[in-house]
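Notes for the one structure printed next.
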Amino acid sequence: MKIVTWNVNSINARIEHLVKFIKKDQSDMYLIQELKCINESFPYTEIEKLGYISYVEGQKAWNGVAILSKTKLKILNKKIPTFSEDMQSRFLETEIKINKIKKPIKLFCI
């Protein structure tokens, strides 16, 4: 399994670069930070055309995180557990299972 993380510094300003990179790279999952857009402004269609499912916790002007995955995921948490009063969109947690590994692996996009 190949996982890539990227601080994109505005998903909509960099969507052409992201699409080009994903087409070439073809990782299983991308953890994207600093979306700088609300959920409704996220480029879902462009990502879906590449064969990925988007899990987004967006925020206008700053912050915002997304997980792009070739397979369906269950998002376990959208807030940093020890900072539950923090209303910023800066956290997604999921688990993945990898063959030959008994326990699921937790992934955090922060």
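Under our numbering, think of the first position of the sequence shown as 5, with each following residue one higher.
Heads up, the beta-carbon is just placed ideally off N, CA and C, and yes, glycines get one too.
By the 16-neighbour rule on beta-carbons within 10 angstroms, Pro-108 is exposed.
Look at Glu-99 here: in three-state DSSP terms it is strand.
Counting only the Cα atoms, Asn-13 lies some 24 Å from Leu-77.
By DSSP's assignment, Ile-51 forms no beta bridge with any residue.
With contacts defined as CB atoms closer than 9 Å, Lys-74 and Ile-57 qualify as a contacting pair. When DSSP states are grouped into helix, strand and coil, Ser-31 belongs to the coil group. Distance from the Cα of Glu-44 is smallest, within the candidate group Leu-35, Tyr-34, Tyr-59, Gly-55, for Tyr-59.
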